[in-house]
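What follows is a short report on a single structure.
Residue numbers (this note's numbering): 370 to 655.
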């Protein structure tokens, strides 16, 4: 018997449900399944929000579930699309490393170790009451809406009004859905994972996409080479957070981003490849 969805009065929710149905209809089976089962997901993220003892309750929801991740991944066929299994594994490890670091709640003496505490948070902790500094009114195509906060949300902590607008445009075919209500990212896990995969697979000049870097399709320009930006996980870190994490004065906590990548590479039994760090790289655009 088909599942009946009750009528919705909210336009954004109507659009959201329509888009989910469309994506599910046209989705392909992601290569994620070749390497990652629900059992492995639970092993890698045993303390994610909603399932660990500190968050467990009768109303707790396993927000970052394997099912939600897989549903989103099926809508991004370019993810893990390189036919080489080694390249596929490295891209998976790089993606998991970054979403774990962006949402992690680990500490050096954490039970099970620092790297077992990924997917702990759904939004930037310091911005739960809003962070107006993430609004950039100079981006005329994706103007911020008064009263809305475009701080980090979801697995990769998508931020800024222009990123919310671009993702909304790509996902909903309507930039205003998430510009008007960016909090939708924290209300539906498939949408949250889709925001991370959209960012991962979408180049934004002068940066390549993380997918292009890890899949081997990105070729560094002479300027990239002069800036130390070469194929490898380090350049992915540069794409995501180069202004803070890269270069000789990069954030000391970047070691955990590298550490997560090496942790996942060991788990999936794959070599990490060259250029794992970005400590000798200039940020893109410099």
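We put the CB at the ideal spot given by N, CA and C, even for glycine.
Please report the straight-line C-alpha distance between residue 646 and residue 624, rounded to a whole angstrom. Looking up residue 646 in the chain shown gives position 277. Looking up residue 624 in the chain shown gives position 255. Answer to the nearest angstrom: the Cα atoms are 9 Å apart.
Output the distance between the C-alpha atoms of residue 479 and residue 433, rounded to the nearest integer angstrom. What you label residue 479 is simply residue 110 of the chain shown in a count that begins at 1. What you label residue 433 is simply residue 64 of the chain shown in a count that begins at 1. Spanning the two alpha carbons is a distance of roughly 20 Å.
Could you work out which residue in 586, 595, 611 is closest to residue 456 when comparing CA atoms only? Walking along the chain shown from the start, residue 456 turns up at place 87. Among 586, 595, 611, the Cα nearest to that of residue 456 belongs to 586.
Closest residue to residue 417 among 652, 570, 588, 558 (Cα-Cα distance): As a position in the chain shown, residue 417 is number 48, starting the count at 1. Looking only at 652, 570, 588, 558, the smallest Cα-Cα distance to residue 417 is reached by 558.
Kindly list the residues whose CB is nearer than 7 Å to the CB of residue 506, restricted to its own chain and excluding five residues on each side of it in sequence; keep chain order. Position 137 of the chain shown, counting from 1, holds the residue named residue 506. Only 512, 513 meet the Cβ criterion.
So, for residue 454: in the same chain, excluding its five sequence neighbours on each side, which residues have a beta-carbon less than 8 Å away from its beta-carbon? Working through the chain shown from its first residue, we reach residue 454 at position 85. Closer than 8 Å at the Cβ level, and outside the excluded window around residue 454, lie 403.
How close, in whole Å, do the beta carbons of residue 553 and residue 560 come, if the pair is a contact with beta carbons under 8 Å? Indexing the chain shown from 1 puts residue 553 at position 184. Indexing the chain shown from 1 puts residue 560 at position 191. Confirmed, about 6 Å.
May I ask which residues mark the beginning and end of the alpha helix (DSSP H) holding residue 634? On the chain shown, residue 634 is found 265 positions in, with the first residue counted as 1. Counting along the chain, the alpha helix (DSSP H) containing residue 634 begins and ends at 623-636.
Excluding the 5 residues flanking residue 644 on each side, which residues of the same chain have their C-beta closer than 6 Å to its C-beta? Within the chain shown, the letter at position 275 stands for residue 644. Hits under 6 Å: 599, 601, 603.
Within 10 angstroms of its Cβ, does residue 622 collect 16 or more other Cβ (buried), or is it exposed? What you label residue 622 is simply residue 253 of the chain shown in a count that begins at 1. Residue 622 should be labelled exposed.
What residue range does the alpha helix (DSSP H) around residue 407 cover? What you label residue 407 is simply residue 38 of the chain shown in a count that begins at 1. Taken as a continuous stretch (DSSP letters only), the alpha helix (DSSP H) holding residue 407 covers 407-413.
Helix, strand or coil for residue 538? Go by DSSP, reduced to three states. What you label residue 538 is simply residue 169 of the chain shown in a count that begins at 1. Looking at residue 538 - three-state DSSP - the assignment turns out to be helix.
Quick check: what's the CA-CA separation for residue 576 versus residue 450? Indexing the chain shown from 1 puts residue 576 at position 207. Indexing the chain shown from 1 puts residue 450 at position 81. Going by the C-alpha atoms only, they are around 20 Å apart.
First and last residue of the uninterrupted alpha helix (DSSP H) at residue 554: As a first step, residue 554 is located in the chain shown; it is residue number 185 there, counting from the start. Here residue 554 belongs to no alpha helix (DSSP H), and DSSP marks it neither H nor E.
What do you get for residue 574, buried or exposed, if any count of 16 or more other CB atoms within 10 angstroms of its CB means buried? The sequence position of residue 574 within the chain shown is 205, counting from 1. With fewer than 16 Cβ atoms within 10 Å of its Cβ, residue 574 is classed as exposed.
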